[in-house]
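Participant: Below: one structure in structure tokens.
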Amino acid sequence: MLRAQRRKRLSRPEAAASEPPGDTRAQTTCYMCACRCGINVHLSNGRIRYIEGNRDHPVNRGVLCAKGSAGIMQHYSPARLRKPLLRVGERGKSEFREIEWAEALGLAAQWLGAIRGSDPRKLAFFTGRDQSQALTSWWAQQFGTPNYAAHGGFCSVNMAAAGLYSVAGSFWEFGEPDWEHSRYLLLFGVAEDHDSNPIKIGLNKLRQRGAKIVSVNPVRTGYTAIADEWVGIRPGTDGLLVFALIHELLRLEHVDLDFLVRYTNAPWLVLRHPGGGDDGLFARDGEGRVLAWDRRANREADAQLAGIVPQLVDEVTLADGRRAVPVFQLLAERYLDPQYAPEAVAERCGIATETIRGIARELARVAFEEQITIEQPWTDWAGRRHERMVGRPVSMHAMRGISAHSNGFHTCRAIHLLQMLLGAIDTPGSWRYKSPYPKPMTPAMKPAGHAHQVAPGEAMPAPPLGYPLGPEDLLVEADGTPRRIDKAFSWEAPLAAHGLMHQVIRNAWKGDPYPIDTLFLYMANMSWNSAMNTAGTIAMLTDRGADGGYRIPHIIYSDAYFSEMVAYADLVLPDTTYLERWDCISLLDRPIGSPEGPADAIRQPVVKPDRDVRPFQDVLIELGARLGLPGFATAEGKPRYRDYADYIARHERKPGVGPLAGWRGEAGDKIAVGAANPAQLARYVENGCFWQHHLPPEQRYFKHANRDYLESAAQMGFIDRPRQIVLQLYVETLQKFRLAAEGHGPVQPPERERERIARHFDPLPIWYTPLEEAAIDAAAFPLHAVTQRPMPMYHSWGSQNAWLRQIYSRNYLYVHRHTAAALGLGDEDWVFVVSHHGQVRCQIRLVDGVNPGTVWTWNAIGKRAGAWGLAPDAPEARRGFLLNTAISELLPAHLPEERLNADPITGQAAWYDLRVRLERADAGNEDALEPLSPPRGVIVGSGQ
Ligand code: SF4
Numbered sequence: 000m001l002r003a004q005r006r007k008r009l010s011r012p013e014a015a016a017s018e019p020p021g022d023t024r025a026q027t028t029c030y031m032c033a034c035r036c037g038i039n040v041h042l043s044n045g046r047i048r049y050i051e052g053n054r055d056h057p058v059n060r061g062v063l064c065a066k067g068s069a070g071i072m073q074h075y076s077p078a079r080l081r082k083p084l085l086r087v088g089e090r091g092k093s094e095f096r097e098i099e100w101a102e103a104l105g106l107a108a109q110w111l112g113a114i115r116g117s118d119p120r121k122l123a124f125f126t127g128r129d130q131s132q133a134l135t136s137w138w139a140q141q142f143g144t145p146n147y148a149a150h151g152g153f154c155s156v157n158m159a160a161a162g163l164y165s166v167a168g169s170f171w172e173f174g175e176p177d178w179e180h181s182r183y184l185l186l187f188g189v190a191e192d193h194d195s196n197p198i199k200i201g202l203n204k205l206r207q208r209g210a211k212i213v214s215v216n217p218v219r220t221g222y223t224a225i226a227d228e229w230v231g232i233r234p235g236t237d238g239l240l241v242f243a244l245i246h247e248l249l250r251l252e253h254v255d256l257d258f259l260v261r262y263t264n265a266p267w268l269v270l271r272h273p274g275g276g277d278d279g280l281f282a283r284d285g286e287g288r289v290l291a292w293d294r295r296a297n298r299e300a301d302a303q304l305a306g307i308v309p310q311l312v313d314e315v316t317l318a319d320g321r322r323a324v325p326v327f328q329l330l331a332e333r334y335l336d337p338q339y340a341p342e343a344v345a346e347r348c349g350i351a352t353e354t355i356r357g358i359a360r361e362l363a364r365v366a367f368e369e370q371i372t373i374e375q376p377w378t379d380w381a382g383r384r385h386e387r388m389v390g391r392p393v394s395m396h397a398m399r400g401i402s403a404h405s406n407g408f409h410t411c412r413a414i415h416l417l418q419m420l421l422g423a424i425d426t427p428g429s430w431r432y433k434s435p436y437p438k439p440m441t442p443a444m445k446p447a448g449h450a451h452q453v454a455p456g457e458a459m460p461a462p463p464l465g466y467p468l469g470p471e472d473l474l475v476e477a478d479g480t481p482r483r484i485d486k487a488f489s490w491e492a493p494l495a496a497h498g499l500m501h502q503v504i505r506n507a508w509k510g511d512p513y514p515i516d517t518l519f520l521y522m523a524n525m526s527w528n529s530a531m532n533t534a535g536t537i538a539m540l541t542d543r544g545a546d547g548g549y550r551i552p553h554i555i556y557s558d559a560y561f562s563e564m565v566a567y568a569d570l571v572l573p574d575t576t577y578l579e580r581w582d583c584i585s586l587l588d589r590p591i592g593s594p595e596g597p598a599d600a601i602r603q604p605v606v607k608p609d610r611d612v613r614p615f616q617d618v619l620i621e622l623g624a625r626l627g628l629p630g631f632a633t634a635e636g637k638p639r640y641r642d643y644a645d646y647i648a649r650h651e652r653k654p655g656v657g658p659l660a661g662w663r664g665e666a667g668d669k670i671a672v673g674a675a676n677p678a679q680l681a682r683y684v685e686n687g688c689f690w691q692h693h694l695p696p697e698q699r700y701f702k703h704a705n706r707d708y709l710e711s712a713a714q715m716g717f718i719d720r721p722r723q724i725v726l727q728l729y730v731e732t733l734q735k736f737r738l739a740a741e742g743h744g745p746v747q748p749p750e751r752e753r754e755r756i757a758r759h760f761d762p763l764p765i766w767y768t769p770l771e772e773a774a775i776d777a778a779a780f781p782l783h784a785v786t787q788r789p790m791p792m793y794h795s796w797g798s799q800n801a802w803l804r805q806i807y808s809r810n811y812l813y814v815h816r817h818t819a820a821a822l823g824l825g826d827e828d829w830v831f832v833v834s835h836h837g838q839v840r841c842q843i844r845l846v847d848g849v850n851p852g853t854v855w856t857w858n859a860i861g862k863r864a865g866a867w868g869l870a871p872d873a874p875e876a877r878r879g880f881l882l883n884t885a886i887s888e889l890l891p892a893h894l895p896e897e898r899l900n901a902d903p904i905t906g907q908a909a910w911y912d913l914r915v916r917l918e919r920a921d922a923g924n925e926d927a928l929e930p931l932s933p934p935r936g937v938i939v940g941s942g943q
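Take the sequence shown: its position 475, counting from 1, is numbered 474 in numbering that gives the first Met the number 0, and each next residue is one higher.
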């Protein structure tokens, strides 16, 4: 009897193991970090129940990380704002009155309209981690202010600028390792959140094929923890290490000369004319063509003629008597110098000489003895057919650990130089361009904001951000005074392609170079983790001038959550969550393309807001119409677009080119270029909210020199014309700035900048001691301090997320156990981390996996009490800490002149340059900032 009952139970299980998680499913794109994975959102009775990865999506192939699946808790965060807010008390006190949208938009339009009619530069519009920069940049251009940027100057502009000026692409967003064929991956200073699922999937592929992974990082965590070899380098010395590798490869003659001749400017002739205004520029003929020396004809020739046999070494005399030398000769002379030998740099890098030599040997062996051949014919730019694709299976990847140093631009350039010398750019097995890259520097998209481009009530003729090609492209007055509030594209940061968000508040507070009226921020937590000198920034936001008014008169802020910045705004425009709005991940901005072809994506609202909030993009479009901005209002003053969804479908940046590339044309049968399609968004939704185009096999490698690829890229509008993109070992733009510093040319730097520009603007990569380290007493601050990004968190957002808080709800300072022992410190002791600028109190943990001269912590876990819906006694506020407090936006005050704590070329914030000492402290957080009071409607959680 019992047996029969048991059999019945087994044959009729009562537990429904595969019950659907909801009654409906909608597809959209994740926004829990920057990777933009495809997700399936399951709903039950209109409430989100479960999020899974979309298996068909090109970015993540169904993989979902901890952050992505916890999106449900982000959506239902207790810290969500509920209604527009108008400040009624002092800034920072969180005393607001709830207002209706009509009043909020009317007020914003009133403030903004007044300054547009008088001086549009009095608006500084800066966004944080938003993914709609194609729209926000266009809006700023239509408003007429050059004072626009997102947070790239804080994050990764060194990577982007160094990559684009060198190889017409960059690590992370515009390129990735050839995961299918690479046999050796060299990772530099990676930030785990910025290439999360895609790199995890890729690393898994490498692992399965037995490829070797070598990680160069002071900290052994994240991807470094699964590397075959960890190189625990001293922060800021990566450039020296790379030079030593280059030195070894040159010394042993392990460089790909054929690749260099065909695809780089190695043979281009550089004029030798010491003291002359053309010294160091490329030798050109009367038509402006760059020259090389043709060995066969024994005379100069157009360097880009396919039939020449160019000379790589030896000085030559041109027909007109000028002396010139090939780029390769300059390069070899520099890096064969004994100062770059492994034994000469080893101690400064904290790496054994033999380790450096070993890496160089392995790079050479894998590149030249294990070359990859794909039996795929292709045709190069000159029409020469190649029967197969041959590549060097050595790939590289780098991110913020390289970027956030004051020498990061040159370090990143050095890595690209190493790739080029190995013939490892867009070949089988190496680093590959993600379509729509490569994009050449010419014709350049130059930044707008010159005096003749800014006028009351007028739009600017071009976008505010771009890529200068020489001093004449700088946004400066005749006397060298910066024209932008953040001083981007000035002599202080000439190639600041992403702007300098980290300088905006200080400059606006100081009125340097001029006062502004309105600071308009979106998703930029500038009073906490998106600023250095946190306490100082807060003081500037609340400081009053002689007239009793705030020194920054108006602050408008849009955010979905009660972040630390909300308390300092005068007008708060509450945004939706990413699951409540349309969005567009556009080819005009930072798309989701891969080496296999271009791709873009959308977000669609999967639930309706249950609060009185609006998508920021809708708000921007409505404000644009109210202000009569030409891109957003018709000549009759009517709104051009109903909302963001309407804009995505109908906006054209140039004829036939809009925010989305898929299903263009009235019938939806065109790609990249075609008329607007009213059904375009519906087609995206049907397709899982993404579009991708697969390049045919003959176009998938050598894109910079592949005739068929270049022709199709020109047809799709990615490049101007189907011409070879020559990779730049030697960047002439940098030499133009150096010549200006030496007194040549019509646009001259102020005297105080000359020496600095001449020193740093070297057309070949250089290394110099990080600027903070060079300015402080190293004995007083003997340790480097850096942050790492915890994989389950994205910036400050994770601390409001009930699931993610269970992984990290506080941070420690991690100290090598030998270093701690020498200081008499033990596990869980409290210390002050003291820098030249300030100090922060925290608890330490002892570890082995860190460079002994370096301490580190997770970034942005520590929170200000009261923010993010956290209880005042939440661990994030009680025991967490923010290292930014100890980092200054300026170099030490004892220097004779005020100097930015930034890369002198791009203005990238150099927050990884921080030097500190540890001092024993009592337990506690008495020195923390006073708790913030959440506005009505924000639910304050428990302390745990
Ligand atoms: S990697 Fe980023 S985008 Fe992808 S699922 Fe995770 S959080 Fe979302």
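Ideal placement from N, C-alpha and C gives every residue a C-beta, glycine not left out.
1. At the level of alpha carbons, what is the spacing between residue 734 and residue 756?
2. At a threshold of 7 Å, does residue 196 count as lining ligand 1 (C-beta to nearest heavy atom)?
3. Can you name, in chain order, every residue of its own chain whose Cβ lies under 6 Å from the Cβ of residue 580, other than the five neighbours on each side?
4. Return the chain-ordered list of same chain residues with a C-beta closer than 6 Å to the C-beta of residue 385, the five sequence neighbours on each side being excluded.
5. Can you look up residue 735 in the DSSP assignment and give me helix, strand or coil?
6. With DSSP run on the structure shown, which of helix, strand or coil describes residue 68?
7. For residue 364, report the span of its alpha helix (DSSP H) as first-last.
8. With distances taken between CB atoms, is the gap from residue 93 to residue 871 smaller than 8 Å?
9. Measure the beta-carbon distance from residue 239 to residue 347 and round it to whole angstroms, keeping in mind my assumption that it falls under 8 Å.
10. Since residue 122 and residue 142 should fall inside the 8 Å C-beta cutoff, what is the C-beta to C-beta distance between them, to a whole number of angstroms?
11. Taking residue 176 as part of the beta strand (DSSP E), name the residues at either end of that continuous run.
12. For residue 954, count neighbouring Cβ atoms within 10 angstroms of its own Cβ and tell me buried if that reaches 16, exposed if not.
13. In three-state DSSP terms, what is residue 197?
14. Note down, in chain order, each residue of its chain lying with its Cβ closer than 8 Å to the Cβ of residue 886, except the 5 sequence neighbours on either side.
15. Candidates 220, 246, 432: which alpha carbon is nearest residue 848's?
16. Please determine if the segment 302–309 and the segment 195–213 are in contact, where contact requires at least 3 C-beta pairs separated by less than 8 Å.
17. Below 8 Å between beta carbons: does that hold for residue 774 and residue 903?
18. Return helix, strand or coil for residue 883, following the three-state DSSP convention.
19. Return helix, strand or coil for residue 554, following the three-state DSSP convention.
20. Short check: CB of residue 170 to CB of residue 397, under 8 Å?
21. Quick check: the segment 71–82 against the segment 565–574, are there 3 or more CB pairs under 8 Å?
22. Strictly by DSSP, which residues pair up with residue 831?
23. Taking one C-beta from the segment 127–140 and one from the segment 457–470 each time, how about it: are there three or more such pairs within less than 8 Å?
24. If you compare alpha carbons, which of 216, 633, 778, 225 is closest to residue 198?
25. Less than 7 Å between the CB of residue 72 and some heavy atom of ligand 1, yes or no?
26. Ordered along the chain, which non-local residues of its own chain (more than five positions away) have a Cβ less than 7 Å from that of residue 751?
27. When you compare each of 711, 503, 726 to residue 720 by their alpha carbons, which one comes out closest?
28. Look at residue 179 and residue 433 and say whether their C-beta atoms are less than 8 Å apart.
29. Using 8 Å as the threshold, is the segment 513–530 in touch with the segment 185–194, meaning 3 or more CB pairs across them?
30. By Cβ distance, which residues of its chain are closer than 6 Å to residue 552, with the 5 residues on each side in sequence left out?
31. What do you reckon, is the C-beta of residue 940 under 7 Å from a heavy atom of ligand 1?
32. DSSP beta-bridge partners for residue 583?
33. Should residue 46 be labelled buried (16 or more other beta-carbon atoms within 10 Å of its own) or exposed?
34. May I ask you to check if the CB of residue 919 is nearer than 7 Å to at least one heavy atom of ligand 2?
35. Under three-state DSSP, which class holds residue 408?
36. Where does the unbroken alpha helix (DSSP H) through residue 117 begin, and where does it stop?
Facilitator: Looking at the atomic coordinates:
1. 10 Å
2. yes
3. 604, 614
4. 377
5. helix
6. helix
7. 352–368
8. no
9. 6 Å
10. 6 Å
11. 174–176
12. Outside the modelled stretch of the chain, which goes from 0 to 943, sits residue 954, for which no answer is possible.
13. helix
14. 531, 532, 834, 836, 900, 910, 913
15. 220
16. no
17. no
18. helix
19. strand
20. yes
21. yes
22. 840, 918
23. yes
24. 225
25. no
26. 896
27. 711
28. no
29. no
30. 516
31. no
32. 601
33. exposed
34. Of the ligands one can find in the structure shown, namely ligand 1, none is ligand 2.
35. helix
36. 100–117
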